[in-house]
Amino acid sequence: MDQGQTLRQHLDGFATDPDRRLIADAVAAFADAAIEITELTCGGALAGITGEGQTLNGDGDIQKDLDLQADRIIRRALAGVSVAALASEEANEIEIRDPASAISIAFDPLDGSSNINTNMSVGTIFSIVRTPLHARAAFTQPGTTQLAAGFVVYGPQTSLVLTLGDGVDIFTLDRKTRAFRQIRSQVKIPPNTAEFAINASNRRHWDPPILAYIDDCIAGADGVLQTNFNMRWIGSLVAEAYRILTRGGIFLYPADARDGYREGRLRLLYEAHPMAFIMEQAGGGATTGNLRILDLAANTLHQRVPLIMGSIESVQRLERMHMSPDIKFERNAPLFATRGLFRN
Ligand code: AFP
1074 MDQGQTLRQH LDGFATDPDR RLIADAVAAF ADAAIEITEL TCGGALAGIT
1124 GEGQTLNGDG DIQKDLDLQA DRIIRRALAG VSVAALASEE ANEIEIRDPA
1174 SAISIAFDPL DGSSNINTNM SVGTIFSIVR TPLHARAAFT QPGTTQLAAG
1224 FVVYGPQTSL VLTLGDGVDI FTLDRKTRAF RQIRSQVKIP PNTAEFAINA
1274 SNRRHWDPPI LAYIDDCIAG ADGVLQTNFN MRWIGSLVAE AYRILTRGGI
1324 FLYPADARDG YREGRLRLLY EAHPMAFIME QAGGGATTGN LRILDLAANT
1374 LHQRVPLIMG SIESVQRLER MHMSPDIKFE RNAPLFATRG LFRN
């Protein structure tokens, strides 16, 4: 893959049969929508964006003005693409369009929208799946049925991360030509990391394996991991994922004891599934702690799931810590507190 090719050239090289052409057209539609959305995020208040909202989506989240505008922009961009079923974070129901189409799409039009009026990075996430016999069943399949997945970060750069099932490539919007141009191909996530991302204010609500892992990270070079860690928490999944693809890391939004968070906060269909596909395609991993994200199938449209993703060594360590019940997590014991039994 030559660096510097446009996204359209990349997609044309991929589209070697009618189904692949369909996938390519859907990705191109998200790229076109992203160019329109980025003009709103860059304009902010000058573009009439307040980051406020009055209505609630199907999962009870306040819908910010840009959530709804992004949803409309994406649906309009997809109008010219044959799609069987559409699922959006901002809609209570699946939209059936062309049931005979080979592809269906789940998307989060604007993730991280609570960051809009603080001028932080936000994004769009999408997952393209093969349509099963009945279009209505498109979103009850495991994540392994995805054909493509991607996300756009509306940050200092507007960049699109894409997997078509053969590695991960990154494209940045050239604002002069209004075309996405490839900046990285076949991205690989470093297998090890010294950087974790978690909302540490929820520490009192975490389950023991998460407590043990994060405390081991904070123990630094004197602890069982024998490494000094750095922490990040942006509050925007796409920004965290982009950083992990750039320099490695582990992102955790685990289940916790708060009401409504027993299955975490992130949604399986249009956040965890596409992110997991991208992470695995880049040599990383994605798990609930107990189960591989891509093996999971949704029972409901906005189903939440605990999400741990990033550098493969850290993901596998956390899975071991979740799956070995005989490990004693004597947390906060005086003097003889025992740590996780793993030594790297
Ligand atoms: P919003 O879209 O409501 O801003 O949520 C963003 C998000 O789903 C994800 O992008 C962040 O990683 C996570 O929530 C932040 O959650 P906390 O606000 O609980 O830290």
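Per the working numbering, the sequence shown runs over residues 1074 to 1417.
The C-beta atom is built at its ideal place from N, Cα and C for all residues, glycine as well.
Counting C-beta atoms within 10 angstroms of its own C-beta, C1115 has fewer than 16 neighbours from the protein chains shown and is therefore classed as exposed. For I1201, the enclosing beta strand (DSSP E) stretches over residues V1195 to R1203. A distance criterion of 8 Å places the beta-carbon of I1381 beyond contact range of the ligand AFP, judged by its closest non-hydrogen atom. Remark: fewer than three beta-carbon pairs, one from each stretch, lie closer than 8 Å, so the region 1275 to 1291 and the region 1204 to 1212 are not flagged as touching.
Restricting attention to A1221, R1248 and T1218, the CA atom closest to the CA of S1232 is found in R1248. Bounds of the alpha helix (DSSP H) holding G1086 are L1080 to F1087. CA-to-CA, the gap between P1205 and I1176 works out to about 9 Å. The beta carbon of Q1376 sits closer than 6 Å to those of L1341, all from its chain and outside the five residues before and after it, given in chain order. Cβ contact annotation for A1157 (same chain, cutoff 8 Å, sequence separation greater than five): I1169, R1170, D1171, P1172, A1173, S1174, A1175, I1176, S1177, T1204, A1208 and A1211, in chain order. Each residue's CA atom was taken as its position, placing T1123 and L1364 some 39 Å apart.
Where I1256 is concerned, the enclosing beta strand (DSSP E) starts and stops at A1252 to R1257.
Per DSSP, S1387 is one residue of the alpha helix (DSSP H) stretching across I1385 to M1396.
In chain order, the residues with a C-beta atom nearer than 5 Å to some heavy atom of the ligand AFP are D1184, G1185, S1186, S1187, N1272, G1308, S1309 and L1310. Straight-line measurement puts the Cα of L1298 at about 17 Å from the Cα of L1325. The criterion of a C-beta distance shorter than 9 Å is satisfied by S1309 and N1188. The beta carbons of A1359 and L1380 sit about 7 Å from each other, so the pair counts as a contact at 8 Å. Annotated three-state conformation of I1108 is helix, per DSSP. Residue state for A1328 is assigned as coil, using DSSP reduced to three classes. With 16 or more other Cβ atoms from the protein chains shown falling within 10 Å of its own Cβ, Q1136 counts as buried. When the Cα atoms are used, S1274 and I1385 turn out to be separated by approximately 25 Å. DSSP links P1215 through a beta bridge to A1370. Going by beta carbons, F1253 and I1351 fall outside the 9 Å limit. Residues of the same chain with a CB within less than 7 Å of the CB of S1155, apart from the 5 flanking positions on each side, are L1095, D1171 and S1174 in chain order. In this structure, DSSP gives F1302 a state outside helix and strand, which the three-state scheme calls coil. For P1379, no beta strand (DSSP E) run applies, since DSSP gives it neither H nor E. Runs of the alpha helix (DSSP H) lying entirely within the region 1326 to 1361 and spanning at least 4 residues, in chain order: 1346 to 1354. For I1169, the beta-bridge partners assigned by DSSP are A1158.
In this structure the region 1265 to 1281 touches the region 1300 to 1318; the number of beta carbon pairs closer than 8 Å is three or more. Of the other Cβ atoms in all chains shown, fewer than 16 fall within 10 Å of the Cβ of T1250; this residue is therefore exposed.
In the DSSP assignment, I1287 falls within the alpha helix (DSSP H) that extends over P1281 to A1292.
Distance from the Cα of L1367 is smallest, within the candidate group A1104, K1261, Y1315 and T1218, for T1218.
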